[in-house]
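One structure is given here, and the rest of the page talks about it.
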Amino acid sequence: QGKVFTFDPGFTSTAACESTITYIDGDKGELLHRGYPIDQLAEKSHYLEVCYLLLYGELPTAAQLEDFEHRVTNHTMLHEQMMNFFRGFRRDAHPMAVMVGVVGAMSAFYHDSTDINDEWQREVASIRLIAKMPTIAAMAYKYTIGQPFVYPRNDLDYASNFLRMCFAVPAEDYVVDPILSRAMDRIFTLHADHEQNASTSTVRLASSSGANPFACIAAGIACLWGPAHGGANQACLEMLEEIGTVDRIPEYIARAKDKEDPFRLMGFGHRVYKNFDPRAKVMKQSADEVLELLGVENNPKLQVAKALEEAALNDPYFAEKKLFPNVDFYSGIILEAMGFPTSMFTPIFALSRTVGWISQWKEMLVDPTQKIGRPRQLYTGEPFRDYTDVENR
Ligand code: SDX
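Numbers 39 to 431, taken from UniProt numbering, label the letters of the sequence shown in order.
Put into structure tokens, the structure is as follows:
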């Protein structure tokens, strides 16, 4: 609405920046991507179209979208030698550990030919990362469950390709369920970008030194893994499993309010939203739809989640601290109903967020005034003092 933001020109760290990509109003619970509200994009658009919007600033024409989808589809395969990286991991490695390693290793396969100061080469790196992340995430999953890799197919849309790479086995045909594909695509869209969150700020800070995009995205994946950030979707489902039944909710509400207890309600609260996370609203609707369509609407975790949400929203503590469900509160319930183990929840968040990280990486690099990030500190340590020889200590 023509809002103008002014920044302290002396503010040198990349922790604060100007961006035209995503706008969040934490008090209103509003999220816009290039001006378009997230609930409309989730309902009317689809992930690759949202990728185009985030990358280039406008919704594509039909021809532009067809060309973009063709370019992404034709970059979904990995260099065959990269398969060796997966086999270096322990069988029980967390898929996020595999993703950090393999995406970082892309520097050795693709960065040698990427001049980040060349717009076309930045474009190629962007398409490669968006295209290959589902393949990497799916292969990380297959490796950790001891099943053979399933290669991408060019006749499938982005979400269907990912589902097939995760769930198909050579022993039988796999037909993608359109319900799952639509739900998967919507989850990708809801996680695509979110302004200057911790992992995006990590990518920006790494990029500010001129590091290659693959290494910068690997840094973002590492940061996203934490349970306070992208790891919350896995932690939230594990919390719902631990609570188990509705009658145990008061015990956990009390623990969340107890300052002596480190327990926090996973999937609740946010650094910016002091109102409902608009993505959580869409995710809750989607959970109801998907679980009903899959015939598991009586999933006990969904019942516990809804009862927990109601108990927290009616508790003065959470109202006073403005704690509401965030994007991670319902996503895990949908993903589990779709057949994913909890260990795959954050890898799915990471592959969805790759377009947000890459869009903000590109935005930084086209700014000629951009300097290396250098957050400052408030020193509270010892004042100046002379060295003391060990015999005098
Ligand atoms: C994501 O930044 C982004 O945009 C991130 C993200 C994205 O798309 O990139 O939106 C994705 O990371 C969502 C958040 C997922 N994390 C969780 O669900 C983990 C559980 N939530 C919390 O750990 C917490 O809410 C944070 C980390 C998200 C925010 O923590 P803060 O910065 O401490 O939140 P706050 O300052 O608003 O907290 C206010 C008070 C504090 O108590 P006091 O110090 O005032 O006494 O509320 C308390 C907090 O201790 N509090 C909680 C709580 N979250 C905050 N108490 C119980 N349960 C919680 N979940």
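All C-beta atoms, glycine included, are put in the ideal place defined by N, C-alpha and C.
For THR380, no beta strand (DSSP E) run applies, since DSSP gives it neither H nor E.
For THR60, the beta-bridge partners assigned by DSSP are HIS71.
Assigned with DSSP and collapsed to three states, VAL393 falls in helix.
Relative to ligand 1, the beta carbon of ASP366 is positioned inside 8 Å of a heavy atom. Shortest Cα-Cα distance from GLU68 to any of ASN313, LEU332 and TRP399 involves ASN313. The segment 250 to 263 makes no contact with the segment 367 to 377: fewer than 3 CB pairs, one atom from each, lie closer than 8 Å. Rounded to the nearest whole angstrom, the C-alpha separation of HIS132 and ILE183 is 11 Å.
The C-alpha of PRO413 is placed about 18 Å away from the C-alpha of SER57. Checking the DSSP bridge columns, you'll see PHE306 partnered with PRO363.
Take the alpha-carbon of LEU416 and the one of SER239: they are about 20 Å apart.
In the structure shown, the three-state DSSP call for GLU210 is strand.
Going by beta carbons, THR114 and PRO208 fall outside the 9 Å limit.
When Cβ pairs closer than 8 Å are counted between the two stretches, the segment 159 to 176 is seen not to touch the segment 342 to 354, the count staying below three. For MET137, the enclosing alpha helix (DSSP H) has its first and last residue at 133 to 148.
Three or more beta-carbon pairs separated by less than 8 Å link the segment 208 to 227 to the segment 325 to 333, which places the two stretches in contact.
Just measuring C-alpha positions, the residue of PHE362, LEU93, PHE387 and LEU278 sitting nearest LEU340 is LEU278. Contact check for ALA350 against PHE378 fails: the beta carbons are separated by 9 Å or more. When distances are taken from the beta-carbon of LYS359 to the heavy atoms of ligand 1, the shortest one is below 8 Å. Between ILE76 and the set LYS319, ILE386 and PHE356, the nearest pair of CA atoms involves LYS319. Closest option to LEU389, judged by alpha-carbon separation, among ALA260, ALA292, ASP315 and ASN364: ALA260. Closest in C-alpha terms to LEU332, from the list PHE301, MET321, GLU374 and SER381, comes GLU374. Set against 8 Å, the gap from the CB of CYS204 to the closest heavy atom of ligand 1 is not smaller. LEU346: member of the alpha helix (DSSP H) spanning 338 to 351, first to last residue.
The residue from ARG317, PHE387, MET402 and GLU429 with its alpha-carbon nearest to that of ILE62 is ARG317.
Here the distance from the Cβ of THR380 to the nearest heavy atom of ligand 1 is not below 8 Å. If the five residues before and after GLY268 are omitted, its C-beta is found closer than 6 Å to the C-beta atoms of LEU262, THR384 and PHE387, all from its own chain and listed in chain order.
In this structure, ASP315 lies away from PHE356, with their beta-carbon atoms at least 9 Å apart. Exposed is the label assigned to PHE301, since fewer than 16 other Cβ atoms lie within 10 Å of its Cβ.
Using a C-beta cut-off of 8 Å, the segment 119 to 136 makes no contact with the segment 82 to 95, since fewer than three inter-stretch Cβ pairs fall below that distance. Our two residues, ARG160 and LYS359, have alpha carbons roughly 42 Å apart in a direct line. For GLU233, the closest C-alpha among the options GLN408, ARG423, GLU429 and ILE59 is that of ILE59. Take the alpha-carbon of ASP156 and the one of GLU335: they are about 51 Å apart. Separation of the CB atoms of ARG391 and ALA176 is rounded to 16 Å, and the pair is thereby denied contact status at 8 Å.
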